[in-house]
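Colleague:
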Amino acid sequence: MNGHLDRSVVGAKDKFDEDESPTVYKSVALVVGVTGIVGNSLAEVLPLSSTPGGPWKVYGVARRPRPAWNGSHPLKYIQCDISNTEDAINKLSPLADITHIFYVSWMGSEECDINGTMFHNVLKAVIPNAPDIHAADAELIAEHQIWAAVDPNAKNGAFNCTNGDVFKWKQMWELLAKEFELELVGYQEGQEQVSMEEMMKSKGEVWDEIVKQNGLVHTKLEEVAPWWFADIVFCSEDLLSSMNKNKEHGFLGFRDSKKSFVSWIDKMKANKIVP
1 MNGHLDRSVV GAKDKFDEDE SPTVYKSVAL VVGVTGIVGN SLAEVLPLSS TPGGPWKVYG
61 VARRPRPAWN GSHPLKYIQC DISNTEDAIN KLSPLADITH IFYVSWMGSE ECDINGTMFH
121 NVLKAVIPNA PDIHAADAEL IAEHQIWAAV DPNAKNGAFN CTNGDVFKWK QMWELLAKEF
181 ELELVGYQEG QEQVSMEEMM KSKGEVWDEI VKQNGLVHTK LEEVAPWWFA DIVFCSEDLL
241 SSMNKNKEHG FLGFRDSKKS FVSWIDKMKA NKIVP
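Numbering-wise, the sequence shown is residues 1 to 275 according to UniProt numbering.
(1) Identify, in the order they occur along the chain, each residue of the same chain with its Cβ nearer than 8 Å to the Cβ of W56, setting aside the five sequence neighbours on each side.
(2) In the DSSP assignment, the alpha helix (DSSP H) including L175 goes from what residue to what residue?
(3) Can you list, in chain order, the residues of its chain whose CB lies under 6 Å from that of E181, leaving out five sequence neighbours each side?
(4) With DSSP as the reference, label S257 as helix, strand or coil.
(5) Secondary structure at L216, three-state DSSP: helix, strand or coil?
(6) Please state whether DSSP places H100 in a helix, a strand or coil.
(7) Roughly how many angstroms separate the alpha carbons of A88 and E183, rounded to a whole number?
(8) By the three-class DSSP mapping on this structure, what secondary structure does A62 have?
(9) Taking its Cβ as the centre, do 16 or more other Cβ atoms sit within 10 Å of I232, making it buried, or is it exposed?
(10) Taking only three categories from DSSP, how would you classify V31?
(11) I127 lies in the beta strand (DSSP E); which residues open and close that run?
(12) Skipping 5 residues on each side, what residues in its chain have a beta carbon closer than 6 Å to that of R63?
(13) Taking just the CA atoms, how far does V224 sit from I273?
(14) Using DSSP's beta-bridge definition, name the partner residues of Y77.
(15) What's the C-alpha gap between A68 and V122?
(16) Work out the CA separation of S260 and I146 for me, nearest whole Å.
(17) Any idea what DSSP makes of D132, helix, strand or coil?
(18) Terminal residues of the continuous alpha helix (DSSP H) containing G53?
(19) Roughly how many whole angstroms lie between the Cα atoms of L221 and W207?
(20) Specify the secondary structure class of L184 as computed by DSSP and reduced to three states.
(21) Quick one: what does DSSP say residue 291 is sitting in, helix, strand or coil?
(22) Within this structure, are the beta carbons of Y77 and G54 separated by less than 8 Å?
(23) Is it buried or exposed for M118, if we count other Cβ within 10 angstroms and need 16 for buried?
(24) Measure from the alpha carbon of Y103 to the alpha carbon of each residue in S195, I37, V32, then state which is nearest.
(25) Run through DSSP, which three-state label would K26 get?
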């Protein structure tokens with residue numbers, strides 16, 4: 001593959017053309033968690049004619065009604081609570097043509113049992129009825145997942161996926177403040193760490209007012225970001241992951257982290273998710 005997918009997805013800014021819609025599909029994807037950042041990226045990239053393994057038919061699964069920012073992607077949307085075994089079986093078991101599962105849904109980190117149940121329910125509903133299934137576990141992550149799903153060099157392999165540059169959060173604060181027109185206060189050594197999850201518990205009404213004042217898509221604060229995950233990212237030691245194994249097996253995708261943040265913020269603003 002040698003990076004062809006990277007160029008096509010950098011060009012995923014190429015919008016899907018309905019005239020390109022195929023009548024016969026080579027691969028059929030079930031994207032579980034399709035309204036999140038990674039899932040939405042997969043929904044955008046998979047239908048493109050240049051995506052490896054294609055042409056792709058896409059089913060998208062999420063618990064919420066289909067949001068506006070996901071509405072233009074050519075997929076069959078299925079509203080389903082995968083933590084509910086009966087709901088998962090009723091809505092997913094009829095999908096007999098699935099060839100690949102992209103599972104990008106989870107609950108809070110403390111809910112390991114629920115996460116396991118959700119994943120098990122999807123497999124229980126889909127696997128017995130889809131004889132051609134291949135399992136694979138967003139712009140860059142979407143590329144990487146598609147590569148891992150269809151490239152023979154990646155078969156049954158475990159791979160890291162990072163942007164590929166040397167990254168520290170302190171390099172991002174000035175950029176983020178600029179994007180949201182905020183005053184940069186900075187961090188003082190010795191300051192006590194603050195839990196984002198705890199801080200945001202009392203900020204629901206503040207967010208409701210921000211949504212109203214800026215004409216945003218109606219969301220609750222807990223839907224905008226998994227604050228428990230922010231605590232994991234911000235309150236742990238720096239993590240460095242090597243992408244060498246990916247390169248050795250043919251995946252050459254990368255992103256500049258600063259440009260990536262700006263790109264995603266711009267997308268969220270355009271979709272009226274944040275002001």
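Just so you know, even glycine gets a beta-carbon here, dropped at the ideal spot from N, CA and C. Remember, predicted model here, so these are calculated numbers, not experimental data.
Modeller: Reading it off the structure:
(1) Y25, K26, S27, V28, A29, L46, P47
(2) 173-179
(3) none
(4) helix
(5) coil
(6) strand
(7) 46 Å
(8) strand
(9) exposed
(10) strand
(11) Looking at the DSSP string, I127 is not in any beta strand (DSSP E), and its letter there is neither H nor E.
(12) D81
(13) 8 Å
(14) G60
(15) 25 Å
(16) 19 Å
(17) coil
(18) Counting along the chain, G53 falls outside any alpha helix (DSSP H), and DSSP gives it neither H nor E.
(19) 6 Å
(20) coil
(21) No information on residue 291 is available, as it lies outside the stretch 1 to 275 that the chain covers here.
(22) no
(23) buried
(24) V32
(25) coil
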